[in-house]
Structures are given as C-alpha cells and as structure tokens.
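In the working numbering, the protein residues as written are 814 to 1037.
To keep things clear, I will list the structure first and then write my remarks on it.
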C-alpha cells in the first residue's frame, strides 16, 4: 500500500480505453497496467477514506471495492468488464450483521463523471424491508425522511424510483407516503463531471464533504 495521491489521469484514461475495448483480449494485454493505474490507487483511496469516515458511519469504517469483472449470467449486456471504479463504505460490524440491508456510502468514478451517494440499494430480507416500511409509515420518522429527500431534490441529488407498482399489504392505498412505501431500497446520489481534485490527494476531503451532505439519509436508514 502507498499513500494516496489521487487517481492518476492515466488510470482514468485507461477506464475510457476499457469502455471502448470491452473484451478479454484487450484486457488481457492491459491487465498489469490496470492493476497499477486503477486497482492500486483504489486500494490506497480506501485506506485513506476508512481512516477518516468513522464519524459518518458511526464506528470503525469498512469498505468494498467492486470487481472489474461483470456477472453476465442474467444480463442482456454481455460485455465482461465494468469500466468504472465502484466502492462502498460502511460501518464494519454492521455490514456483517445486516449484509446488503446495511446503509452505505457509494463512490463511482467513470471516465469523465463522479457519482457519490448513500443509502440501501435493496433490503435483501423481508424483516429489513418491514422495518423500513414501519419507519416510513411512522408519524415522526416518516415526515423526517420526507424532509430529508425534499432538501436533496433541491440540491440536485437523484433519488431512486419505487420498485413496486402498488402499496404493500397492510398499508392504506392513499397513505401520504405511499410512494416511499413502494420502494424496495432507498438511495440518493449526485453525479457531476469528475472534479480536478479526483487526481490529487484532495479527492479524500472532496468525497467526505459530499458524503457529509448526504449523511442525513444514511443516519435515517441507520436508525432502525
């Protein structure tokens, strides 16, 4: 591991090349460069971030760097590689307990864009989903969530759409928060052109600042 000094521009350029040459032959020829220019900086970034993200996750930080290899078994898109850097940050012990139902902060670097967000992509068990719905329907925590999301929308954050077409059984069809009840997961993020900071050590503070802005959603999801 090295001290994080930024994602090198050559590495970001390699992501663009991978997107344009998304095949095993090209990747095989460039695998060593990918490891040096993409993998290693990502690992250094994780070390730098987990050392500072503790206040935002409420304890020791953990992280997961998503693999470059795509699972194409059930996908119409058969390209074998992800031409992006995707990382999730979370509270380490909570990830072991809740798995994918634990809230996380998300980092996604594309060749020319950066997306930062927080939330739960999908409540992966019925108990977690029921807890979420109960909090949405609650007369106190439900309006708190509405207030958080309203502020996000005013600041150009994107919020995922409901998964279900109908309000789940046990809740009124005309419930004031029926749209939120139809979610299977809840997350929000902001996507912008990749900032100049991303290729410097300032990327850590830049991302932490954005994560802090979206932390109210993480904290709400972490309250149950």
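Every residue, glycine too, gets a C-beta built ideally from N, C-alpha and C.
Does residue 917 come out as helix, strand or coil in the three-state DSSP assignment? Along the chain shown, one-based indexing puts residue 917 at 104. Residue 917 falls in the strand class under three-state DSSP.
Reduced DSSP category for residue 848 - H, G, I as helix; E, B as strand; rest coil: Reading the chain shown from its first residue, position 35 is the one you call residue 848. Residue 848: helix per DSSP, three-state reduction.
Which of helix, strand or coil does DSSP assign to residue 820? Residue 820 sits at position 7 when you count from the first residue of the chain shown. If DSSP states are grouped into helix, strand and coil, residue 820 belongs with coil.
With distances taken Cα to Cα, identify the nearest neighbour of residue 885 among 836, 877 and 923. Against the chain shown, residue 885 aligns to sequence position 72. For the residues 836, 877 and 923, the minimum Cα distance to residue 885 belongs to 836.
Start-end ranges of the alpha helix (DSSP H) lying completely within the segment 996–1037, minimum 4 residues: 1016–1034
With 16 as the cutoff for other CB atoms within 10 Å, does residue 894 come out buried or exposed? Residue numbering aside, residue 894 sits at position 81 when the chain shown is read from its first letter. Residue 894 is buried by the Cβ-count criterion.
Nearest to residue 982 by CA position, among 1023, 842 and 943, is which residue? The residue you call residue 982 lines up with position 169 of the chain shown. Looking at the Cα atoms, 943 is the closest of the given residues.
Taking one C-beta from the segment 909–917 and one from the segment 928–937 each time, how about it: are there three or more such pairs within less than 8 Å? yes
Range of the contiguous beta strand (DSSP E) that encloses residue 878: For the purposes of this step, residue 878 is taken as residue 65 along the chain shown, with counting starting at 1. First-last of the beta strand (DSSP E) with residue 878: 874–878.
Per DSSP, what kind of secondary structure is residue 903 in: helix, strand or coil? Taking the chain shown and counting its residues from 1, the one referred to as residue 903 is at position 90. Reduced to three states, the DSSP call for residue 903 is strand.
Grab the span of the beta strand (DSSP E) containing residue 885 for me, first residue to last. Stepping through the chain shown from its first residue, residue 885 is reached at position 72. From DSSP, residue 885 is part of no beta strand (DSSP E); its letter is neither H nor E.
Local Cβ density within 10 Å of residue 825, reported as buried at 16 or more and exposed below that: Residue mapping note: residue 825 aligns to position 12 of the chain shown, counting from 1. The Cβ neighbour count for residue 825, taken over all protein chains shown within 10 Å, is at least 16; the residue is labelled buried.
Does DSSP classify residue 982 as helix, strand or coil? By one-based count along the chain shown, residue 982 stands at place 169. Correct three-state label for residue 982: coil.
Nearest residue (CA-CA) to residue 924, options 899, 902, 828 and 932: Locating residue 924 in the chain shown gives position 111, counting from the first residue. Answer by Cα proximity: 828.
For the beta strand (DSSP E) holding residue 1056, just list the boundary residues, first then last. This structure cannot speak to residue 1056, because the chain is shown only from 814 to 1037.
Taking its Cβ as the centre, do 16 or more other Cβ atoms sit within 10 Å of residue 875, making it buried, or is it exposed? Here residue 875 refers to the residue found at position 62 of the chain shown. Buried is the call here.
Looking at residue 816: is its Cβ nearer than 9 Å to the Cβ of residue 855? In the chain shown, the residue the question calls residue 816 occupies position 3. In the chain shown, the residue the question calls residue 855 occupies position 42. No. Outside cutoff.
On the three-state DSSP scale, how would you describe residue 977? The count along the chain shown starts at 1 and reaches residue 977 at position 164. The answer is coil: DSSP assigns residue 977 none of H, G, I, E or B.
Hey, quick one: how far does the alpha helix (DSSP H) through residue 860 stretch, first residue to last? As a position in the chain shown, residue 860 is number 47, starting the count at 1. Boundaries of the alpha helix (DSSP H) around residue 860: 853–863.
Closest by C-alpha distance to residue 962, when choosing among 857, 1033 and 833: Here residue 962 refers to the residue found at position 149 of the chain shown. Nearest C-alpha to residue 962: 1033.
Closest by C-alpha distance to residue 1018, when choosing among 866, 849 and 814: As a first step, residue 1018 is located in the chain shown; it is residue number 205 there, counting from the start. The option with the nearest alpha carbon to residue 1018 is 866.
I need the straight-line Cα distance from residue 957 to residue 928, nearest angstrom please. Position 144 of the chain shown, counted from the first residue, corresponds to residue 957. Position 115 of the chain shown, counted from the first residue, corresponds to residue 928. Rounded to whole angstroms, residue 957 to residue 928 spans 25 Å at the Cα level.
Which of the three DSSP states, helix, strand or coil, is assigned to residue 866? Here residue 866 refers to the residue found at position 53 of the chain shown. Residue 866 falls in the coil class under three-state DSSP.
In the DSSP output, which residue or residues are listed as bridge partners for residue 898? Indexing the chain shown from 1 puts residue 898 at position 85. In the DSSP output, where bridge partners are listed per residue, residue 898 has 922.
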